[in-house]
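Residue numbers (our numbering), protein chains in the order written: chain A, 1 to 134; chain B, 1001 to 1134.
2 protein chains.
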Amino acid sequence: MIGRLNHVAIAVADLAAAAATYRNTLGAKVSEPEAIAEHGVTVVFVELPNTKIELLEPLGEASPIAGFVAKNPAGGIHHLCYEVEDILAARDTLKAAGARVLGDGEPKIGAHGKPVLFLHPKDFNGALVELEQA
Amino acid sequence: MIGRLNHVAIAVADLAAAAATYRNTLGAKVSEPEAIAEHGVTVVFVELPNTKIELLEPLGEASPIAGFVAKNPAGGIHHLCYEVEDILAARDTLKAAGARVLGDGEPKIGAHGKPVLFLHPKDFNGALVELEQA
């Protein structure tokens, strides 16, 4: 069912510093910051040859990553995003297998303009998993 | 400097269960477990089209991931591995930039038979980073 690893998301308190680490220290290609108000994050994309790292900073008081960053002030790996061909079919298969889909179980339009769902980390080895319809 | 994301490592207490989650629930191609005594882990490779997920279980009392799994009994994302062309050049550049290289700073032969180094998570947004000479 799952296809490519679309991205690894790292949540940070200071996006400018994190972007500088990837651009200058690790010598990667890093995009300009993009504020995505409806998702409560400002994001920078680290473009690797085979996938992306997304550096996320909380934006606004209702940011879904505010709690994570408060608990991990130095930052931390927040989630992994796998691509699927058909997100509704994937959801139904996962639910039938007993996996918990977060929220109301309906796909939302994610930061890339595509339907996404999040899966409970306790069902996936402690890793928060995002599925994105590719 | 950094190239491909070689793998994401997830450390777990129960490798058979984690492998079954990826094979059966997420429908991925999963290898048979491989015990790597000199690295203190048993590993299963989840082969995605563009990269790998490595599921790691502690092996032996001196396993370098035993403490992590004790702290995260449900499992958790342990590290990210980026490929570099020249690991000694990468190390020297990183050290000059003030990043901390773990251990004695000399590359070891990693689980794939290639030279690797680990970088301090506090210098990389809370993420433990492995560099592997590709």
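Even glycine gets a Cβ: it sits at the ideal position worked out from N, Cα and C.
Which residue's Cα is closest to the Cα of His1039(B): Pro1033(B), Pro1058(B), Asn1024(B), Leu1048(B)? Position 39 of the second sequence, counting from 1, holds the residue named residue 1039(B). Ranking the options by Cα distance to His1039(B), first place goes to Pro1058(B).
Let me know if Glu1130(B) comes out buried or exposed under the rule of 16 or more other beta-carbons within 10 Å of its beta-carbon. Translated into the one-based positions of the second sequence, residue 1130(B) becomes position 130. Glu1130(B) comes out buried.
According to DSSP, is Phe1124(B) helix, strand or coil? Start at 1 with the first residue of the second sequence, and residue 1124(B) comes out as number 124. If DSSP states are grouped into helix, strand and coil, Phe1124(B) belongs with coil.
Assign Ile87(A) to one of three DSSP states: helix, strand, or coil. As a working note, residue 87(A) is residue 87 in the first sequence. If DSSP states are grouped into helix, strand and coil, Ile87(A) belongs with the helices.
Among Ala1037(B), Pro1049(B), Ala1066(B), Ile1077(B), nearest to Leu1055(B) - alpha-carbon criterion: Sequence index remark: in the second sequence, residue 1055(B) carries index 55 (1-based). Among Ala1037(B), Pro1049(B), Ala1066(B), Ile1077(B), the Cα nearest to that of Leu1055(B) is on Ile1077(B).
Could you pull out every residue in the same chain whose Cβ sits closer than 7 Å to the Cβ of Ser63(A), ignoring the five residues on either side in sequence? By one-based count along the first sequence, residue 63(A) stands at place 63. Within the same chain, Ser63(A) has close Cβ partners Gly40, Val41.
Neighbourhood of Arg1023(B) by C-beta distance below 7 Å, restricted to the same chain and skipping five residues each side: Here residue 1023(B) refers to the residue found at position 23 when the second sequence is read from its first residue. Within the same chain, Arg1023(B) has close Cβ partners Val1030.
By DSSP, does Gly75(A) sit in helix, in strand, or in coil? By one-based count along the first sequence, residue 75(A) stands at place 75. Reduced to three states, the DSSP call for Gly75(A) is coil.
Just the C-alpha distance for Leu80(A) and Leu117(A), rounded to the nearest angstrom, thanks. Within the first sequence, numbered from 1, the residue matching residue 80(A) stands at position 80. Within the first sequence, numbered from 1, the residue matching residue 117(A) stands at position 117. Cα to Cα, Leu80(A) sits roughly 12 Å from Leu117(A).
Pair within 7 Å by beta-carbon distance, Leu48(A) and Leu1005(B): Residue 48(A) sits at position 48 when you count from the first residue of the first sequence. Residue 1005(B) sits at position 5 when you count from the first residue of the second sequence. The answer is yes: Cβ separation under 7 Å.
Residues from the stretch 1025 to 1043 of chain B in contact with chain A, defined by Cβ distance under 7 Å: Thr1025, Leu1026, Gly1027, Ala1028
Consider the Cβ of Lys95(A): report whether some Cβ of chain B lies at a distance smaller than 7 Å. In the first sequence, residue 95(A) corresponds to position 95, counting from 1. Chain B contact via Cβ: absent.
Using 7 Å as the limit for Cβ to Cβ distance, is Arg4(A) near chain B? Here residue 4(A) is taken as the residue at index 4 of the first sequence, counted from 1. Cβ-Cβ to chain B under 7 Å: yes for Arg4(A).
At least one CB of chain B closer than 7 Å to the CB of Leu48(A): is that the case? Within the first sequence, residue 48(A) is the residue found at index 48, counting from 1. It does: the Cβ of Leu48(A) has a partner Cβ on chain B nearer than 7 Å.
Straight-line gap, Ile1087(B) to Gly1067(B) (C-alpha atoms, nearest Å): Counted from its first residue, the second sequence places residue 1087(B) at position 87. Counted from its first residue, the second sequence places residue 1067(B) at position 67. Going from the Cα of Ile1087(B) to the Cα of Gly1067(B) covers about 27 Å.
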